[in-house]
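Novice:
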Amino acid sequence: MQKRHLLPKAAVLFFVIQFFILAPVFAQDAGQGERDVPRSILNNSYYLQSVRLTQLAKDAYEEGDYDGSANYAEQAAGFARLSDDYVAMRLADYAIARAHSRYTWAGQVDAATRYPSEYAEAGNYYNLALVAREDAEWDAAVEAAEKVLSLLANVQAPGRQGTEPAGPRDGTLPAQYTVRHWNTTGDCLSAIAGWSWVYGDVYQWEKLYEANRDKLPDPDNPHLIRPGMVLDIPSLRGEVRRGMFDPEVSR
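Going left to right, the sequence shown walks through residues 1349 to 1599 as this note's numbering numbers them.
1) Assuming contact is defined by CB atoms lying nearer than 8 Å, are tyrosine 1451 and valine 1496 in contact in what I supplied?
2) According to DSSP, simplified to helix, strand and coil, what is threonine 1526?
3) Counting only C-beta atoms, is arginine 1589 closer than 8 Å to chain C at any point?
4) Helix, strand or coil for leucine 1572 per DSSP?
5) Go through its chain and collect everything with a Cβ distance to proline 1516's Cβ below 8 Å, but skip five positions before and after it.
6) Does the distance from the C-beta atom of tyrosine 1473 to that of leucine 1499 stay below 8 Å?
7) Between glutamate 1382 and aspartate 1568, what straight-line distance do the alpha-carbon atoms span, to the nearest angstrom?
8) Closest by CA to alanine 1440, which one among Arg1429, Val1490 and Asn1475?
9) When the Cα atoms are used, what is the spatial distance from aspartate 1377 to leucine 1390?
10) When the Cα atoms are used, what is the spatial distance from histidine 1448 to asparagine 1502?
11) Smallest Cα separation from glutamate 1485: which of Trp1453, Ser1538, Gln1403 and Asp1433?
12) Counting only the same chain and skipping the five closest in sequence on each side, list residues whose C-beta sits under 8 Å from that of glycine 1548.
13) Between the Cα of tyrosine 1551 and the Cα atoms of Arg1585, Ala1539, Ala1559 and Ala1418, which residue gives the shortest distance?
14) Given this structure, state the Cα-to-Cα distance separating arginine 1561 from arginine 1400, to the nearest angstrom.
15) In three-state terms, what does DSSP make of aspartate 1487?
16) DSSP three-state call for valine 1503: helix, strand or coil?
17) State the start and end residues of the unbroken beta strand (DSSP E) segment that holds aspartate 1580.
18) Relative to the C-alpha of alanine 1424, which residue among Arg1574, Ala1405, Met1577 and Met1437 is closest?
19) If you follow the alpha helix (DSSP H) that lysine 1555 is in, where does it begin and where does it stop?
20) Which whole-angstrom value is the C-beta distance of alanine 1459 and alanine 1477, which I expect to be below 8 Å?
21) Using a Cβ-Cβ cut-off of 7 Å (strictly less than) and excluding sequence neighbours within five positions of tyrosine 1557, which residues of its own chain qualify?
22) May I have the straight-line CA-CA distance separating leucine 1564 from methionine 1577, to the nearest angstrom?
23) For serine 1398, which of Asn1475, Ile1444, Ser1431 and Ala1418 has the nearest alpha-carbon?
24) For tryptophan 1453, which residues in the same chain have their Cβ closer than 7 Å to its Cβ, ignoring the five residues on either side in sequence?
25) Between which two residues does the alpha helix (DSSP H) holding tryptophan 1453 run?
Structure below.
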């Protein structure tokens, strides 16, 4: 019977245990700090393969096959790193798609004339995002794309300035809001976030987007909301919110 070659147990133990501790984290790291990252991205084929190999490494170690365990662990770490790269790439693509959607819409409502400095700067950052994406600089691509969204957050169509409706008569802060027709009111996430009884800050539109993404006609397009939709308004700073406010009914 051929004997298995065994690596020094102490050395293998250090390598394998270190991997067992860190491996489940590798493929998720790129998503840390990101909001609402789809599980389909995090649980990609590279990550699932790293999980499978990690289990094989554990099984081999428990059976005393230290060479095999170290080999499986090394392969698992490689797949986990591939997963990190994949997640980072998809997050960059997601951010650029959102920036493209907002920048295109801003052009359609003549932001170049009405918001010239913001629109021009947003264009520069959008190009930077594309260059960074081409160079596989994922973090830089996300940062530039998010700058586009920030610069264009206050852009609204002419004649539709998102007039704030009077809030609930009893002064309560609503937990939900029914969207009105954009053509007559300018309802959009940034306008709604800016209302005094919502957040009083248009830049908090992403908070609304995060809470309602699954309700949107296109979950990847935060600028498409439809009249009659009931938006959840999550607490921003621990404030108490309750009930649903429909300005069409409450007038």
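Cβ atoms here follow ideal geometry from the backbone N, Cα and C, with glycine treated the same way.
Specialist: According to the structure shown:
1) On the sequence shown, residue 1451 is found 103 positions in, with the first residue counted as 1. On the sequence shown, residue 1496 is found 148 positions in, with the first residue counted as 1. Going by C-beta atoms, tyrosine 1451 is nearer than 8 Å to valine 1496.
2) Locating residue 1526 in the sequence shown gives position 178, counting from the first residue. Three-state DSSP puts threonine 1526 in a strand.
3) The chain inventory of the structure shown lacks chain C, comprising one protein chain alone.
4) As a working mapping, residue 1572 is identified with position 224 in the sequence shown. It is coil, neither helix nor strand.
5) Counting from one through the sequence shown, the residue named residue 1516 turns up at place 168. Around proline 1516: Pro1522, Trp1545, Gly1591, Phe1593 and Ser1598.
6) Here residue 1473 corresponds to residue number 125 of the sequence shown, with the count starting at 1. Here residue 1499 corresponds to residue number 151 of the sequence shown, with the count starting at 1. Contact flag set, yes.
7) Position 34 of the sequence shown, counted from the first residue, corresponds to residue 1382. Position 220 of the sequence shown, counted from the first residue, corresponds to residue 1568. Here glutamate 1382 scores only 42 on pLDDT, less than 50, and its place in the model should not be relied on; the value that follows carries that caveat. Whole-angstrom Cα-Cα distance: 14 Å.
8) Residue numbering aside, residue 1440 sits at position 92 when the sequence shown is read from its first letter. That would be Val1490, whose Cα lies nearest to the Cα of alanine 1440.
9) Residue mapping note: residue 1377 aligns to position 29 of the sequence shown, counting from 1. Residue mapping note: residue 1390 aligns to position 42 of the sequence shown, counting from 1. With a pLDDT of only 48 at aspartate 1377, under 50, the local geometry of the prediction cannot be trusted, and no value is derived from it.
10) Counted from its first residue, the sequence shown places residue 1448 at position 100. Counted from its first residue, the sequence shown places residue 1502 at position 154. When rounded, the distance between both Cα atoms is 16 Å.
11) The residue you call residue 1485 lines up with position 137 of the sequence shown. With distances taken between Cα atoms, glutamate 1485 lies closest to Asp1433.
12) Against the sequence shown, residue 1548 aligns to sequence position 200. Excluding sequence neighbours, glycine 1548 sits near Gly1542.
13) Counting from 1 along the sequence shown, the entry for residue 1551 is found at position 203. The residue with the shortest Cα to Cα distance from tyrosine 1551 is Ala1539.
14) Locating residue 1561 in the sequence shown gives position 213, counting from the first residue. Locating residue 1400 in the sequence shown gives position 52, counting from the first residue. Approximately 32 Å between the Cα atoms of the pair.
15) Looking up residue 1487 in the sequence shown gives position 139. Helix, per DSSP.
16) The residue given as residue 1503 occupies position 155 in the sequence shown. Valine 1503 falls in the coil class under three-state DSSP.
17) The sequence position of residue 1580 within the sequence shown is 232, counting from 1. First-last of the beta strand (DSSP E) with aspartate 1580: 1578-1580.
18) Reading the sequence shown from its first residue, position 76 is the one you call residue 1424. Of Arg1574, Ala1405, Met1577 and Met1437, the residue nearest in Cα terms is Ala1405.
19) Translated into the one-based positions of the sequence shown, residue 1555 becomes position 207. Taken as a continuous stretch (DSSP letters only), the alpha helix (DSSP H) holding lysine 1555 covers 1553-1560.
20) Residue 1459 sits at position 111 when you count from the first residue of the sequence shown. Residue 1477 sits at position 129 when you count from the first residue of the sequence shown. No, alanine 1459 and alanine 1477 are not in contact; Cβ-Cβ is about 18 Å, not under 8 Å.
21) On the sequence shown, residue 1557 is found 209 positions in, with the first residue counted as 1. Cβ within range, chain order: Leu1537 and Pro1570.
22) If you number the sequence shown from 1, residue 1564 lands on position 216. If you number the sequence shown from 1, residue 1577 lands on position 229. CA-CA distance, leucine 1564 to methionine 1577, rounds to 9 Å.
23) Taking the sequence shown and counting its residues from 1, one reaches residue 1398 at position 50. Selected option, being the one with the closest Cα: Ser1431.
24) Taking the sequence shown and counting its residues from 1, the one referred to as residue 1453 is at position 105. Within the same chain, tryptophan 1453 has close Cβ partners His1571.
25) In the sequence shown, residue 1453 corresponds to position 105, counting from 1. That run of the alpha helix (DSSP H) goes 1414-1456.
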